[in-house]
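For the sequence shown, UniProt numbering assigns the number 1 to the initial residue and increments by one for each residue that follows.
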Amino acid sequence: MRMIPAPETFGCIDSVAELRVAKLLAQADLGVPTTCLYSLRLPIHEYKRMSEVDFVVVWDDTVLVIEVKGGRIGRRDGLWTFTDRYGQTYEKREGPFEQAASGMFALQRRLMDRLPHLDVAFGSLVLTPDQELDRDLEWEPRQHAGPRAMSVRALEQALRRARSFWHERLGHPVRGGARKELLTVLRPDFDRVPSLAARAAGLEQEYVQLAERQYDLIIGVENNKRIVCTGGAGSGKTLLAVETARRAAASGDKVLLTCRSPLLAGVLRDAVAGSGVICGALAELQGASSADVLVVDEAQDLMDVDALLQLDDLVQGGWSTGRWRIFCDPNNQANVDGTFDRQAYDELAANAVPIDLPYNCRNTSPVVLQTQLLTGADLGVARAGAGPVVEYKRHDDDQGAARLLDTQFSRLRQQDVDLADVAVVTLRDRVEDSAAVNSKAFRTGLLTNRPDPRTKQSGTARLVTSAQIKGLEAAHVCLVDVEEITEPARLARLYVAMTRPRISLWVAISETAWQQLEQGSSERTIP
């Protein structure tokens, strides 16, 4: 059976029961032309009545609404109880059959308004994949299918029975022949490109699951005294640094977690609050007593003689015999903030157990691909799913870049994106010199020079440098002041900026930089 949207675009689905049913419906063959529409991608704020419909199966002569209820279901004293896979129980007066009927009638009214000459049968079917329901006066047997229907062939039979039931209940033959006309009306709702806000939740859940898998790599070697964990941007290094620090503190050790950036240190401090871990930027730890375990995040920023000597004093036994774990990207993010001494790094790494993080857990596939094409850097295997395409906008000068940025802000707001989830990253040394300060957004306060991500203000984006956002992230990134991309230092900044977004990336690029891209090798092709 044809499925709209296509199953390969589903991404992460919260409901295990719905996913199971969707896979079966996609394989079903009812012997006549049919199409199944899945409301997975309907934004919850649009078409409220429609968003309550799980599936709609459309024949030439029938529209069948399917309500899926996973978990355990019960009814007592007029109340329905629903227990999910986590053991959480909810009570509702409206049961699944009432929900299915209300969704059916709402859909029927909407379609009849659009297609007044429509002559088909409308019906509903309740699927409970995890539990059989006892016979009840509230519904007829052909209005329900339980666990025994959870195979392709059994589900096909359940659909045919439900279709037959609703035609018999209608009591007269219908003209039918309306499937194409119905899909013309329904498809724009079910197969629309989801807004950025609607797509964010599913992607965020994928990121968490991927980062948790990366942590398995750390657990296996935590009994080693010294660990060097390397990975590209988005590989989950900061999350793992926090978790390994927490675990060490929970075992009774005195643990010190540090980095170079005060902004990142603030985020780390919040992450380990209540765990007993001592956290601060290295500059803030002057005179601190040594710890049992030292954890360093973004360690490539602290690979100079002075920083290494200070860190040596912060762990019992120092670098040579102490217990420490450093997390770094020595290849692509070095020398963006701080100084990276390759020889010093190699000496440390030779005295530790190496761990390489193979997956990118932050960035979507389009972001990983475009970053690799522009910078040549290896970000690991992209595992976070398909997000929106990376957008490039060319301009001649700062005023042109500012106008483009204002247009992008308008688009983001139309997509229901809270500007608090947006970071504008400049590749220039100071935010005061960025083209973004010429934008209307900056003049009116929609964009502010507020680098600390912990001070989010709804409706206000933040303007930061690549050094300020390194080690941090944002749901949506607008990259400005991309003017020169041939110098290694510029490429490193570009790499850092392009790998910050979890959802979308937009790039305002100068004509000069664009020409540099076009003159580059064939491996760096821009779409």
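Note that CB positions come from ideal geometry on N, CA and C, so glycine has one too.
Helix, strand or coil for residue i per DSSP?
i, result
"L115", "coil"
"E298", "coil"
"H311", "Reading off the sequence shown, one finds Leu at residue 311, where the question assumed His. Here L311 sits in helix by DSSP."
"E204", "The predicted model places E204 with a pLDDT of 48, which falls under 50 and marks its position as unreliable; any figure quoted below should be read in that light. Correct three-state label for E204: helix."
"P96", "helix"
"A197", "The predicted position of A197 is uncertain, since its pLDDT is 49 and thus under 50; a value taken from the coordinates is nonetheless stated next. A197 falls in the helix class under three-state DSSP."
"R49", "At R49, the pLDDT of 40 sits below 50, so the modelled position is not reliable and the matter cannot be decided from this model."
"L210", "Bear in mind that the predicted position of L210 carries a pLDDT of just 49, short of 50, making it unreliable; the figure below should be weighed with that in mind. If DSSP states are grouped into helix, strand and coil, L210 belongs with the helices."
"G318", "helix"
"I469", "helix"
"H172", "coil"
"A121", "strand"
"V390", "coil"
"W324", "strand"
"A508", "strand"
"P366", "helix"
"V228", "strand"
"D398", "helix"
"A17", "helix"
"V185", "helix"
Pick out whichever of the options has its Cα sitting closest to the Cα of residue i.
i, options, result
"L517", "T375, C478, A467, G471", "T375"
"V185", "R493, Y345, R114, F122", "R114"
"R413", "E181, Q157, A441, T128", "A441"
"G74", "T364, D134, A344, V68", "D134"
"Y345", "Q316, N360, D301, A401", "D301"
"R187", "F82, I469, T128, V57", "V57"
"R269", "A245, A288, G252, Q286", "A245"
"P358", "R179, A233, Q143, A467", "A233"
"A241", "C328, L183, N223, T371", "C328"
"V425", "R411, S410, R443, L405", "L405"
"Q343", "S466, A271, D304", "D304"
"P179", "P453, V32, A350", "Position check: residue 179 holds Arg in this sequence, whereas Pro was assumed. Minimum Cα distance to R179 is reached at V32."
"G338", "A349, L308, P354", "L308"
"C361", "N351, A273, K456, S235", "S235"
"Q399", "D452, D433, G103, L127", "D433"
Excluding the 5 residues preceding and the 5 following residue i in the sequence, name in chain order all residues of the same chain whose CB lies nearer than 7 Å to its CB.
i, result
"E132", "G146, P147"
"K225", "R323"
"E181", "L115"
"Q515", "none"
Give me the DSSP bridge partner(s) of residue i.
i, result
"K237", "According to DSSP, which records beta bridges pairwise, K237 is partnered with nothing at all."
"E67", "V126"
"Q457", "T460"
"E91", "T81"
"A281", "C259"
"F340", "M303"
"M3", "C36"
"F55", "Y38, I66"
"A75", "Reading the sequence as shown, one finds Arg at residue 75 and not Ala. Answer is W80, bridged to R75."
Can the beta-carbon of residue i be found less than 7 Å from the beta-carbon of residue j?
i, j, result
"I227", "Y392", "no"
"A22", "M1", "no"
"S124", "A101", "yes"
"V427", "V482", "With the sequence shown as reference, residue 427 is identified as Leu, and Val is not the correct amino acid for it. A contact, by the Cβ cut-off of 7 Å."
"W319", "L294", "no"
"V367", "L505", "yes"
"R450", "A423", "no"
"L64", "A149", "no"
"D429", "H476", "no"
"L479", "A497", "yes"
"I4", "L37", "yes"
"F97", "E138", "yes"
"Q468", "L239", "no"
"G459", "L419", "yes"
"V152", "L24", "yes"
"G177", "D60", "yes"
"A435", "A474", "no"
"R247", "L282", "no"
"A288", "I326", "no"
"T83", "R72", "yes"
Sorted by chain position, which residues of the same chain lie with C-beta nearer than 6 Å to residue i's C-beta, five sequence neighbours on each side aside?
i, result
"G276", "A249"
"L256", "I278, A291, L294, L314"
"P527", "Caution applies to P527, whose pLDDT of 40 falls short of 50 and renders its modelled position unreliable; the value that the coordinates give is listed next. Taken in chain order, the list of residues that qualify is empty."
"H167", "A121"
"R49", "With a pLDDT of only 40 at R49, under 50, the local geometry of the prediction cannot be trusted, and the value read off the model is given with reservation. Same-chain partners within the cutoff: A106."
"P7", "A26"
Determine, for residue i, whether the minimum Cβ-Cβ distance to residues of chain B falls below 7 Å.
i, result
"L25", "No chain B appears in this structure, which consists of one protein chain only."
If I measure Cβ to Cβ from residue i and keep anything under 8 Å in the same chain, skipping five residues before and after, which residues do I get?
i, result
"E523", "Only weak support is given to the placement of E523: the predicted model assigns it a pLDDT of 46, under 50, and the question is left unresolved by the model."
"M112", "L118"
"T512", "E483, E484"
"G317", "R323"
"L79", "E91, K92, R93"
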